[in-house]
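*Asks:* Okay, handing you the structure first.
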Ligand SMILES: Nc1ncnc2c1ncn2[C@@H]1O[C@H](COP(=O)(O)OP(=O)(O)OP(=O)(O)O)[C@@H](O)[C@H]1O
Ligand SMILES: [Mg+2]
């Protein structure tokens, strides 16, 4: 394992020089081909007969500037909902997955309830859960009723935790029984085995699909606007109705993509790392 | 003083009898080697002793206390028994040091400092001090298996169960693990090991038990079992082993 200064042989230096040239070359080729495709697309789109009409009704900079503050306000709601619902759904999903793995007859009712939960909320369309909670529950006129926003968030958490629980459970079951045997043979209790041996491995393995579901959740949080609260898409819709111009939708779309980029980038990173670990790197 | 006493053990898997009125006694500081054909019940016996399998009859005593009695907490028993598996079973998400200190810290309530000091000392003794921060997938098979043995030793077990700990290893890596087991014997560790390495069994064991269809057919000092087996089944088995060039 000595790391003494090593002078590369001419063969190695030639190899490195070659690799460097190849890298420069491929960057140049990529840049050139991107420019060519971009130009072609731009010419084709702007040269189309209806381009001027489309530009006026979808890409009006003045209307975009006017709509931006309101759409941003709506987006802030999306972000807050996303963060709260993602955390809530991940925790609830994990809890339900763990409940489903409990063994022994004592836990039969809990297991059955947890299983029923995942079946129900994976089967029910989100819109129905949303309407039931935001329109049905307030109809009960109970004391201390939470706001429609909280109820809408709850609908998202309930639905998504059903999916996430199944992802977590797949991860838990993918941990080989020999790992459990090894942990138990060291004297760890079932709980300690779950906590220190099974769950860390399970969560690492399913991190990519979990994050994927969070990306999907990011798009679904906007559905709470069906019950009243104004999110980015709803704000854009209102602005569109006022200006008879579709530009606000484009503004909202661009903002959504910008918001998603960091999350998707993290997902890709995690997926890549998991794949590398799988291949024994 | 007997560390382990098994009486009339019976174990079935779906109607198939895998252990059949099996008796086994292991005295303190003794090394017992279990030999026998594949499927004769060696692994099952070790797993039963570690209460990883449910018994269908018989009793197991550890230091005179019946651990197979109803109401005995298996977690309490397993703390006092170390077990090492053929496939190492190190925890892939923990580095070598954390693999070794997990049980001392969580089960035996040692402080991190205390557990790590002892782990490093044990690692140094088997020449793996430099690997403390390495993850299992970066170790050779022999190194992984030595870490697995250290992990079992870190609990200071009364009894160490070794299930074919060299079977998954390349021939040139077998030696380093066997050396480690020899050293353990020299230190007085009480061990039961299932093995296909007859020369090693002959070399290290105080007593050899030949298992056939879930029964101890023949047992005694290695010279006796290997040199002058009295039972036809033992002779057959050894003849096959010699034919395969493994004795
Ligand atoms: N979990 C199980 N379910 C069903 N049958 C099992 C199970 N474990 C072991 N057996 C059966 O019990 C018998 C004994 O298996 P065991 O693993 O104890 O043999 P062994 O002596 O360790 O063999 P080897 O030398 O190949 O490791 C075999 O016939 C095996 O098929
Ligand atoms: Mg076996």
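Protein chains in written order, with the working numbering: chain S, 1 to 281; chain L, 1001 to 1247. Glycine included, each C-beta is placed from N, C-alpha and C at the ideal position.
If residue 1107 (chain L) sits next to residue 187 (chain S), beta carbons under 8 Å apart, how far is it from one beta carbon to the other, in whole angstroms?
*Replies:* Looking up residue 1107 (chain L) in the second chain gives position 107. Looking up residue 187 (chain S) in the first chain gives position 187. Between residue 187 (chain S) and residue 1107 (chain L) the Cβ distance is about 4 Å, and since that is below 8 Å, they are a contact.
*Asks:* Please specify which runs of the alpha helix (DSSP H), each continuous and at least 4 residues long, are wholly inside the segment 1152 to 1213 of chain L, giving them in chain order.
*Replies:* Correct list: 1171 to 1186 and 1198 to 1204.
*Asks:* Using a Cβ distance threshold of 8 Å, determine whether the segment 1015 to 1025 of chain L contacts the segment 1168 to 1182 of chain L, with at least three qualifying pairs required.
*Replies:* No, they do not touch.
*Asks:* For residue 200 (chain S), return the contacting residues in chain L, with the cut-off set at a CB-CB distance below 7 Å.
*Replies:* Here the question's residue 200 (chain S) lines up with position 200 in the first chain. Correct list: 1093.
*Asks:* Do three or more CB pairs link the segment 1129 to 1140 of chain L to the segment 1158 to 1167 of chain L at distances below 8 Å?
*Replies:* The segment 1129 to 1140 of chain L vs the segment 1158 to 1167 of chain L: no contact.
*Asks:* Would you report the Cα separation of residue 74 (chain S) and residue 239 (chain S), rounded to the nearest angstrom?
*Replies:* Within the first chain, the letter at position 74 stands for residue 74 (chain S). Within the first chain, the letter at position 239 stands for residue 239 (chain S). The straight-line gap from Cα to Cα measures roughly 12 Å.
*Asks:* Counting contacts by CB-CB distance shorter than 7 Å, is residue 192 (chain S) in contact with chain L?
*Replies:* Looking up residue 192 (chain S) in the first chain gives position 192. Yes - at least one Cβ of chain L is within 7 Å of the one on residue 192 (chain S).
*Asks:* Counting Cβ pairs, one atom from each stretch, are 3 or more of them under 8 Å apart for the segment 44 to 55 of chain S and the segment 142 to 162 of chain S?
*Replies:* With a cut-off of 8 Å, the segment 142 to 162 of chain S and the segment 44 to 55 of chain S do not count as touching, because too few Cβ pairs lie within range.
*Asks:* Quickly, what does DSSP pair residue 113 (chain S) with across the bridge? List them, please.
*Replies:* Mapped onto the first chain, residue 113 (chain S) falls at position 113. Note: residue 113 (chain S) sits in no beta bridge, so no partner.
*Asks:* Out of L:1018, L:1227, L:1064 and L:1012, state which residue places its alpha-carbon closest to the alpha-carbon of residue 1214 (chain L).
*Replies:* Indexing the second chain from 1 puts residue 1214 (chain L) at position 214. The residue with the shortest Cα to Cα distance from residue 1214 (chain L) is L:1018.
*Asks:* Consult DSSP for residue 1046 (chain L) and reduce its assignment to one of helix, strand or coil.
*Replies:* In the second chain, the residue the question calls residue 1046 (chain L) occupies position 46. Correct three-state label for residue 1046 (chain L): helix.
*Asks:* Spell out whether any CB of chain S is found under 7 Å from the CB atom of residue 1099 (chain L).
*Replies:* The count along the second chain starts at 1 and reaches residue 1099 (chain L) at position 99. For residue 1099 (chain L), the answer is no, since every Cβ of chain S falls outside 7 Å of its Cβ.
*Asks:* Find the nearest neighbour of residue 274 (chain S) within the set S:105, S:205 and S:139, judged by alpha-carbon distance.
*Replies:* Within the first chain, the letter at position 274 stands for residue 274 (chain S). For the residues S:105, S:205 and S:139, the minimum Cα distance to residue 274 (chain S) belongs to S:205.
*Asks:* Give every residue of the same chain whose Cβ lies closer than 8 Å to the Cβ of residue 180 (chain S), excluding the five residues on either side of it in the sequence, and list them in chain order.
*Replies:* The residue you call residue 180 (chain S) lines up with position 180 of the first chain. Hits under 8 Å: 193, 197 and 198.
*Asks:* Tell me whether the beta-carbon of residue 148 (chain S) lies closer than 7 Å to the beta-carbon of residue 228 (chain S).
*Replies:* Residue mapping note: residue 148 (chain S) aligns to position 148 of the first chain, counting from 1. Residue mapping note: residue 228 (chain S) aligns to position 228 of the first chain, counting from 1. Contact: yes.
*Asks:* Which residues, in chain order, sit with a beta-carbon under 7 Å away from any heavy atom of ligand 2?
*Replies:* In chain order, the qualifying residues are L:1042, L:1043, L:1086, L:1163, L:1164 and L:1194.
*Asks:* Compute every distance between the C-beta of residue 1039 (chain L) and the non-hydrogen atoms of ligand 1, then say whether any falls below 6 Å.
*Replies:* For the purposes of this step, residue 1039 (chain L) is taken as the residue at position 39 of the second chain. Yes, the beta carbon of residue 1039 (chain L) sits closer than 6 Å to at least one heavy atom of ligand 1.
*Asks:* List the endpoints of the continuous beta strand (DSSP E) containing residue 1081 (chain L).
*Replies:* Your numbering for residue 1081 (chain L) matches position 81 in the second chain. Unbroken beta strand (DSSP E) run through residue 1081 (chain L): 1081 to 1084.
*Asks:* What do you reckon, is the C-beta of residue 1013 (chain L) under 6 Å from a heavy atom of ligand 1?
*Replies:* Position 13 of the second chain holds residue 1013 (chain L). Answer for residue 1013 (chain L): yes, Cβ within range of ligand 1.
*Asks:* Per DSSP, what are the beta-bridge partners of residue 1215 (chain L) in this structure?
*Replies:* Indexing the second chain from 1 puts residue 1215 (chain L) at position 215. Looking at the DSSP assignment, residue 1215 (chain L) forms a beta bridge with L:1212.
*Asks:* State yes or no: is the beta carbon of residue 197 (chain S) nearer than 7 Å to at least one beta carbon in chain L?
*Replies:* Taking the first residue of the first chain as 1, we reach residue 197 (chain S) at position 197. At least one chain L Cβ lies under 7 Å of residue 197 (chain S).
*Asks:* How long is the line joining the alpha carbons of residue 1146 (chain L) and residue 1185 (chain L), rounded to whole angstroms?
*Replies:* Position 146 of the second chain, counted from the start, is the residue given in the question as residue 1146 (chain L). Position 185 of the second chain, counted from the start, is the residue given in the question as residue 1185 (chain L). Taking the straight line from one Cα to the other gives about 15 Å.
*Asks:* Determine, using beta-carbon pairs with one atom in the segment 1091 to 1098 of chain L and one in the segment 1039 to 1057 of chain L, whether at least three such pairs fall under 8 Å.
*Replies:* No: the two stretches stay apart, fewer than three of their Cβ pairs being nearer than 8 Å.
*Asks:* So residue 1149 (chain L) and residue 1084 (chain L) are supposed to be a Cβ contact under 8 Å. How far apart are they, rounded?
*Replies:* As a working note, residue 1149 (chain L) is residue 149 in the second chain. As a working note, residue 1084 (chain L) is residue 84 in the second chain. Confirmed, Cβ separation roughly 5 Å.
*Asks:* So with CB distances below 7 Å, who are the chain S contacts of residue 1083 (chain L)?
*Replies:* As a working mapping, residue 1083 (chain L) is identified with position 83 in the second chain. Here the neighbours are 185.
*Asks:* Residue 1119 (chain L) lies in the alpha helix (DSSP H); which residues open and close that run?
*Replies:* By one-based count along the second chain, residue 1119 (chain L) stands at place 119. Counting along the chain, the alpha helix (DSSP H) containing residue 1119 (chain L) begins and ends at 1112 to 1125.
*Asks:* According to a CB-to-CB cut-off of less than 8 Å, which residues of the segment 149 to 183 of chain S neighbour chain L?
*Replies:* So the close ones are 178, 179, 181, 182 and 183.
*Asks:* Am I right that residue 136 (chain S) and residue 85 (chain S) are in contact with their C-beta atoms under 8 Å? What's the rounded C-beta distance?
*Replies:* As a position in the first chain, residue 136 (chain S) is number 136, starting the count at 1. As a position in the first chain, residue 85 (chain S) is number 85, starting the count at 1. Actually they do not touch by this definition, with Cβ atoms about 19 Å apart.
*Asks:* Give a yes or no on whether 7 Å exceeds the smallest Cβ distance from residue 1194 (chain L) to chain S.
*Replies:* Along the second chain, one-based indexing puts residue 1194 (chain L) at 194. So, not an interface residue.
*Asks:* Do residue 265 (chain S) and residue 249 (chain S) have their C-beta atoms within less than 7 Å of each other?
*Replies:* Looking up residue 265 (chain S) in the first chain gives position 265. Looking up residue 249 (chain S) in the first chain gives position 249. Not in contact: residue 265 (chain S) and residue 249 (chain S) (Cβ atoms no closer than 7 Å).
*Asks:* Go ahead and label residue 1067 (chain L) buried or exposed: buried means 16 or more other beta carbons lie within 10 angstroms of its beta carbon, across all protein chains shown.
*Replies:* As a position in the second chain, residue 1067 (chain L) is number 67, starting the count at 1. Classification for residue 1067 (chain L): buried.
*Asks:* So what's residue 1059 (chain L) in DSSP terms, helix, strand or just coil?
*Replies:* Sequence index remark: in the second chain, residue 1059 (chain L) carries index 59 (1-based). It is a strand residue.
*Asks:* Cβ of residue 1049 (chain L) less than 7 Å from any chain S Cβ?
*Replies:* Working through the second chain from its first residue, we reach residue 1049 (chain L) at position 49. No - not a single Cβ of chain S is within 7 Å of the one on residue 1049 (chain L).
*Asks:* Taking the beta carbon of residue 97 (chain S) as the centre, do at least 16 other beta carbons fall within 10 Å, making it buried, or is it exposed?
*Replies:* By one-based count along the first chain, residue 97 (chain S) stands at place 97. Answer is buried; the Cβ neighbour count reaches 16.
*Asks:* Mapping DSSP to helix, strand and coil, what is residue 213 (chain S)?
*Replies:* For the purposes of this step, residue 213 (chain S) is identified with residue 213 of the first chain, where counting begins at 1. Of the three classes helix, strand and coil, the one that applies to residue 213 (chain S) here is helix, per DSSP.
*Asks:* Going along the segment 203 to 236 of chain S in order, which residues come within less than 9 Å of chain L, judged by CB to CB distance?
*Replies:* Within the segment 203 to 236 of chain S, the qualifying residues are 204.
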